[in-house]
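*Asks:* Here it is, the structure in full.
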Amino acid sequence: MARTGSGKSLAYMLPLVQRLGGRHSTAFGARALILLPTRELALQILKVGKELARSWHSGQGSHAGDKDEDSEKGQNLRWGLVVGGEGLDDQFEMISNNPDVIIATPGRLLHLIVEMNLDLKSIQYVVFDEADRLFEMGFETALNEILHRLPSARQTVLLSATLPKSLVEFAKAGLQNPKLVRLDAESKISSDLRMAFFYVKQAEKDACLLSLLRDVIKIPINSGPKDGDDNTDDKEMKRKAKPKHSDQVIAPHQSLIFTATKHHVEYLNALLTTAGYSVSHIYGSLDQGARTQQMDRFRKGLSSLLVVTDVAARGIDIPILQNVINYDFPQGARVFVHRVGRTARAGRQGWAWSFVNNTELPHLLDLQLFLGRPLRSEVTQDADRSYIDSLILGTFERMRVDEEIEYARSLDDINHSLPTLREVMKRGHNMYERSKGKASPQSYKRAKDMMKDPKWALTGSEGGVHPVLYRGAGERRKVEEARKSLLQAVNSFRPAETVFEVGAKNSSENAALMKERRKALSKSRQRAAASELNNEPEESEDESDVAPEDSKLADETEIAVVFEASDKRTYRDPDFYLSHYQKDAQTDKGYSLRDGATFAEQARSATFDLAGDETIQRKKRHQLTWDKKKKKFTKGDGVGADNVKLVKTESGTKLPASYRSGRYDEWKSKTRSSLPRVGEAETPGRQSTFLGGRRKFKHTRTTPAKPLDKQRSDYERKARQITKRESSPGHQPTGQTSKPGKKQQKGSKRHPGKSFGKVKSELKTVDQIRRTRRVTDQRKAKNARSSRKKR
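Listed below in structure tokens is the structure:
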């Protein structure tokens, strides 16, 4: 375990390449498996692994089962990528090429394992990158089947920036005598990361985001190139001869925006694009080709903003990224650590901007307990250090928020799809609020007290503006403070006259009545002031007026000599004191996989049943289940009643029948290939028959002859030619071959029962042979004359 950006990928990649020897093994079967939660992270790890193994210089040793080969060509490690969104045929071909290292996501790897019935007994090294995310409920089915097929004598490595101290939650990984290595456990996030938290209303998040991008981060409008610039022709790019690092021109302004759902991503993409920013977007259900294209545009600097869900929160290394924006505050401390870990990596500085609304404030208080940093509303003298050592919470300026709200609404006239996307986003956000986990009860209580406390000014007053908004604007801040003081003076103004006296004449009845009323109230005020003076205690002259001339203040050393400076009641022996709560309880709670889980999930994990599995299965076979299609009760567990067929794997896991669709058998029959068993020698020349993982194209299509049309004018002539050709001595019947000893075929295998017409025979008749011989003799007689030229 180590914090984000500390180089965990190299920590397991270097031992992996060293253990495999840095060279390819001719024995069939993969030797290393790397599991990752997202496709983008898998592509990144594949690139890092290839670059690392390319310059690896291995010794003269060989692997068990390898044959002695004189040529060193093709002995580098072979890498295989198994992710969703790619064609199954290409991945079948990749497995047949005998890769040494497989980098995969659990879902697609499970599909290949079940479809191809893969044998993983040759795996020696297994890596679970971002292990806490892999072992959550979403990948449970895939991991159970994968772990069942892995050998017990393997080396397993689990890595993450947020691993719990107790490895009980990772017992399903089959760990034997595990060793936990935690680096920089005290610094959960980077020491170069500066954080700012803004309290906003849910309806004003769009306006606050526009204000943050324009006034604080200062991303210029239309900062990226045009949409067509990334499709420039290769020849044109070569002619322009751009400088080496031209793809990072707008890197200081690049920002990553995290949202809750894909509906938020689509809405913010449309909103920011309409506002003039160059935006890329990624979410889980987006097509793999589009995801790769959007990520490449952001990496090359063609877009300045990347709007994503938590699919890009883990492991993605984007160079020179300085800003991360949490549009929707994460519900757990683990997610927050991974989100803000995309910036301030490898010694660089970065900023994390987070929006917090009323329902997300308890989660912020849980995060404050997890990080162990104070929550403040003001900064100290060292402003930059305050953003690192503490959590600064504030609000946006009311005037600027109102301006941005009007600007955001004016964008609806430019892009007419914004109102529809906004409504879809609101409905999706409501469902997200109902499904997300809860914070601790103490945090909810503290959040209510903070809302009532005028110190935080979270109810909309002008006093709680975040100090980062005034950073680098001294004159502007002075003008703003003068404006605030003027508004405060106007608001506190109380006129000396009432509404009855303003503009009224002295002879009016209302004015005379108010004068009499004012005289009566003035007498009561004088009596109240006199009574307060009489009730004040009198000070003794000895204490107030007389003071010794030679009295001096005692310093700390003199006080320590006379009095004991230590308080016995607050002393705690670190060896023997037992607190009422566990040490590092908040840290372990933040790292736990059950942090933020709903009550139903917690109750399901806390149940304990003494009944055996066989008894449960026996009960399921005899219980009655309502069949919606047949409109009656049926025996069994109802599997297949909804027309969804299931198949059972070797581990007993039930999967949809689409995981065993027969695609692999079709591929084998089409390519006429079969895989050797694990441990056998790989098929020789298998790698050379394919170019770039694709099979060479070979034309095998045949088209049958068209039947004669009786309406044609030359129908009779064509019919006579066909009849004459069929009656010729050298003509062969349908399906007969001219090669001796070969059996006659009744028809075509591809098109049984269809006639392809008569094939012209190349055998000559007796008359044709005689004519050919006579012509040949005449040519010889003509050319056999003596030459007139003398040699």
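Residues 1 to 791 (UniProt numbering) make up the sequence shown, in order. Every residue gets a Cβ at the ideal spot worked out from N, C-alpha and C, and that includes glycine. Keep in mind that this is a model prediction, so the values were computed, not measured.
So, helix, strand or coil for T195, using DSSP?
*Replies:* Strictly speaking, residue 195 in this sequence is Met, with Thr absent from that position. Correct three-state label for M195: strand.
*Asks:* Ignore the nearest five residues each way along the sequence and tell me which others in T683's own chain have a CB closer than 7 angstroms to its CB.
*Replies:* P676
*Asks:* So for D129, helix, strand or coil by DSSP?
*Replies:* strand
*Asks:* Since E378 contacts P467 with CB under 8 angstroms, what's their CB separation in whole angstroms?
*Replies:* E378 to P467, Cβ: 6 angstroms. Contact.
*Asks:* Can you check whether the CB of L513 is closer than 8 angstroms to the CB of E397?
*Replies:* no
*Asks:* Where do the N-terminal and C-terminal ends of the beta strand (DSSP E) with K645 fall, by residue?
*Replies:* Unbroken run through K645: none, as it is neither H nor E.
*Asks:* For a test of the three-state rule: what should DSSP assign to H416, helix, strand or coil?
*Replies:* coil
*Asks:* By DSSP's criteria, Q155 is part of a beta bridge. Which residues make up the other side?
*Replies:* Assignment of beta-bridge partners to Q155 by DSSP yields Y125.
*Asks:* Can you tell me whether K780 is buried or exposed, with buried defined as 16 or more other CB within 10 angstroms of its CB?
*Replies:* Around the C-beta of K780, fewer than 16 other C-beta atoms lie within 10 Å, and the residue is accordingly described as exposed.
*Asks:* Have a look at L52, R23 and G84 and flag the residue whose alpha-carbon is nearest the alpha-carbon of residue 801.
*Replies:* As shown, the chain starts at 1 and ends at 791. That puts residue 801 outside it, with no answer to give.
*Asks:* Can you tell which of S303, R483 and R345 has its C-alpha closest to the C-alpha of I316?
*Replies:* R345
*Asks:* For a quick check, are the C-beta atoms of V127 and T105 less than 8 angstroms apart?
*Replies:* Taking 8 angstroms as the Cβ cut-off, V127 and T105 do not qualify as a contacting pair.
*Asks:* Identify every run of the alpha helix (DSSP H) within the stretch 72 to 110, keeping only runs that are complete inside it and at least 4 residues long; order them along the chain.
*Replies:* 88 to 96
*Asks:* Rounding to the nearest angstrom, what Cα-Cα distance links G679 and L418 in this structure?
*Replies:* 59 angstroms
*Asks:* Between the alpha carbons of R434 and S410, how many angstroms are there, rounded?
*Replies:* 31 angstroms
*Asks:* What residue does the beta strand (DSSP E) around F139 start on, and which one ends it?
*Replies:* Run containing F139: none; DSSP gives neither H nor E here.
*Asks:* Could you spell out where the alpha helix (DSSP H) holding W56 opens and where it closes?
*Replies:* Per DSSP, W56 belongs to no alpha helix (DSSP H) and is neither H nor E.
*Asks:* Which two residues bound the contiguous beta strand (DSSP E) that contains W626?
*Replies:* L624 to D627
*Asks:* Indicate whether the contact test is met: 3 or more Cβ pairs, each with one atom in the stretch 321 to 333 and one in the stretch 360 to 371, closer than 8 angstroms.
*Replies:* yes
*Asks:* In angstroms with no decimal places, state the Cα-to-Cα distance between T162 and S187.
*Replies:* Whole-angstrom Cα-Cα distance: 12 angstroms.
*Asks:* Is the CB-CB distance between V80 and I102 below 8 angstroms?
*Replies:* One point to set straight first is that residue 80 is Gly, not Val, in the sequence displayed. Against a cut-off of 8 angstroms, the Cβ pair of I102 and G80 comes out as a contact.
*Asks:* Please return the same chain residues whose Cβ sits closer than 8 angstroms to the Cβ of V17, not counting the five positions on each side in sequence.
*Replies:* G49, L52, A53, W56 and L77
*Asks:* Let's see if you can read the secondary structure: which residues bound the beta strand (DSSP E) around W351?
*Replies:* G350 to V356
*Asks:* Who are G394's beta bridge partners in DSSP?
*Replies:* F198
*Asks:* CA-CA distance, L272 and R373?
*Replies:* 34 angstroms
*Asks:* Residues in the same chain with beta-carbon distance under 6 angstroms from Q202, minus the five sequence neighbours each way, listed in chain order, please.
*Replies:* N357
*Asks:* Out of curiosity, what's the CA-to-CA distance linking P225 and G301?
*Replies:* With a pLDDT of only 47 at P225, under the threshold of 50, the placement of this residue in the model should not be trusted, and no figure is reported.
*Asks:* For K668 and K706, what's the separation of their Cα atoms in angstroms?
*Replies:* 34 angstroms
*Asks:* Per DSSP, which residues does L305 bridge with? Please list them.
*Replies:* S255 and V279
*Asks:* Taking 8 angstroms as the cut-off, does the stretch 136 to 144 touch the stretch 115 to 124 (at least 3 CB pairs, one atom from each stretch)?
*Replies:* no
*Asks:* Would residue 792 and Y659 be called neighbours here (beta carbons separated by less than 8 angstroms)?
*Replies:* Outside the shown range of the chain (1 to 791) lies residue 792, about which nothing can therefore be said.
*Asks:* Thinking C-beta only, is E404 closer than 8 angstroms to L134?
*Replies:* At the C-beta level, L134 and E404 stay beyond 8 angstroms of one another.
*Asks:* If you check the beta carbons only, do V307 and H338 fall under 8 angstroms apart?
*Replies:* no
*Asks:* Any idea which residues DSSP pairs T671 with across the strands?
*Replies:* Paired residues: none, contrary to the question.
*Asks:* Tell me the DSSP secondary structure of P441 in three-state form.
*Replies:* helix
*Asks:* Between the beta-carbon of V279 and the beta-carbon of S255, is there less than 8 angstroms?
*Replies:* no
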